[in-house]
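Chains as they are written, first to last, in my numbering: chain A, 7 to 115; chain B, 592 to 705. We treat Cβ as the ideally placed atom computed from N, Cα and C, and that holds for glycine. Structure record follows, encoded as structure tokens.
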């Protein structure tokens with residue numbers, strides 16, 4: 007079955023810096039890769055997603071890249087702000103969504 | 592639209608007690624899911640229902656049962672609660688099993704088993 011590894015588990019950056027979170031997946035049949043943001047005590051919410059026929063997708067300060075050959079995908083947040091502080095989860099779809107274990111991002115003012 | 596709703600928000604059980612977590616969605620979605628979230632473990636799929644009338648096991652089904660009561664409602668039952676089931680439980684739904692469909696999560700139920 008699918009296995010998703012996510013790194014790092016914690017990430018601390020200064021406001022205005024960039025943050026990068028990386029995920030690898032095991033099943034080459036996976037074809038959809040969403041990223042969820044979960045604020046403390048709240049539900050996960052989709053922030054961006056990418057399909058296997060696309061290499062990169064951008065939405066304002068957030069971008070996701072996908073390397074199908076290497077089976078890894080990454081979330082890039084530029085010009086980080088304190089409100090970006092949260093836990094971020096990657097996931098890969100192969101029949102069902104399989105989630106990574108999460109990255110706790112802290113943005114220091 | 593309320594989206595995905597869950598009851599209760601919090602629950603404390605004693606070992607061996609039973610309870611049912613309720614989930615409902617008003618988005619006319621076909622697929623519904625139950626996840627548990629433990630610190631450092633991400634979201635793990637317990638059971639899912641691809642469409643009304645069907646249910647299937649996910650990654651961690653032991654100790655749980657589910658019922659897809661109708662298209663709107665999907666309940667999760669703990670027959671004999673154990674401390675290992677202390678967790679935050681999220682229900683989710685999406686339009687169907689096909690790739691590229693956003694999953695919408697409920698607010699979660701925080702369950703403690705003593």
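Contact test: residue i Cβ vs the ligand NAP heavy atom, cutoff 7 Å
{"i": "residue 665/B", "result": "For the structure depicted, the ligand NAP is absent and the ligand set is empty, with no information on it obtainable."}
Alpha carbon of residue i to alpha carbon of residue j, nearest angstrom
{"i": "residue 14/A", "j": "residue 49/A", "result": "21 Å"}
{"i": "residue 71/A", "j": "residue 670/B", "result": "43 Å"}
{"i": "residue 53/A", "j": "residue 632/B", "result": "20 Å"}
{"i": "residue 33/A", "j": "residue 694/B", "result": "20 Å"}
{"i": "residue 604/B", "j": "residue 103/A", "result": "29 Å"}
{"i": "residue 606/B", "j": "residue 639/B", "result": "25 Å"}
{"i": "residue 23/A", "j": "residue 85/A", "result": "5 Å"}
{"i": "residue 64/A", "j": "residue 55/A", "result": "10 Å"}
{"i": "residue 654/B", "j": "residue 637/B", "result": "10 Å"}
{"i": "residue 98/A", "j": "residue 30/A", "result": "9 Å"}
{"i": "residue 73/A", "j": "residue 596/B", "result": "36 Å"}
{"i": "residue 87/A", "j": "residue 698/B", "result": "25 Å"}
{"i": "residue 624/B", "j": "residue 95/A", "result": "17 Å"}
Range of the contiguous beta strand (DSSP E) that encloses residue i
{"i": "residue 608/B", "result": "From DSSP, residue 608/B is part of no beta strand (DSSP E); its letter is neither H nor E."}
{"i": "residue 71/A", "result": "68 to 73"}
{"i": "residue 112/A", "result": "109 to 114"}
{"i": "residue 80/A", "result": "78 to 83"}
{"i": "residue 48/A", "result": "Run containing residue 48/A: none; DSSP gives neither H nor E here."}
{"i": "residue 10/A", "result": "10 to 13"}
{"i": "residue 700/B", "result": "700 to 704"}
{"i": "residue 30/A", "result": "25 to 31"}
Assigned exposure category for residue i - 16 Cβ within 10 Å defines buried
{"i": "residue 615/B", "result": "buried"}
{"i": "residue 683/B", "result": "buried"}
{"i": "residue 617/B", "result": "exposed"}
{"i": "residue 685/B", "result": "buried"}
{"i": "residue 611/B", "result": "exposed"}
{"i": "residue 7/A", "result": "exposed"}
{"i": "residue 634/B", "result": "buried"}
{"i": "residue 668/B", "result": "exposed"}
{"i": "residue 114/A", "result": "exposed"}
{"i": "residue 593/B", "result": "exposed"}
Nearest to residue i (by Cα), restricted to the options the options
{"i": "residue 10/A", "options": "24/A, 19/A, 38/A", "result": "38/A"}
{"i": "residue 90/A", "options": "82/A, 112/A, 81/A", "result": "112/A"}
{"i": "residue 76/A", "options": "41/A, 22/A, 61/A", "result": "61/A"}
{"i": "residue 67/A", "options": "96/A, 74/A, 20/A, 25/A", "result": "25/A"}
{"i": "residue 675/B", "options": "681/B, 629/B, 648/B", "result": "629/B"}
{"i": "residue 601/B", "options": "660/B, 700/B, 627/B", "result": "700/B"}
{"i": "residue 1/A", "options": "692/B, 679/B, 704/B, 703/B", "result": "Outside the shown range of chain A (7 to 115) lies residue 1/A, about which nothing can therefore be said."}
{"i": "residue 692/B", "options": "621/B, 592/B, 599/B", "result": "621/B"}
{"i": "residue 36/A", "options": "100/A, 106/A, 108/A", "result": "100/A"}
{"i": "residue 599/B", "options": "672/B, 673/B, 666/B", "result": "666/B"}
{"i": "residue 20/A", "options": "93/A, 107/A, 83/A", "result": "83/A"}
{"i": "residue 696/B", "options": "43/A, 17/A, 12/A, 18/A", "result": "43/A"}
- Any chance you could list the beta strand (DSSP E) runs of at least 3 consecutive residues sitting entirely within the segment 594 to 667 of chain B, in chain order? Listed in chain order, they are 595 to 598, 601 to 604, 610 to 616, 622 to 629, 633 to 640, 655 to 659.
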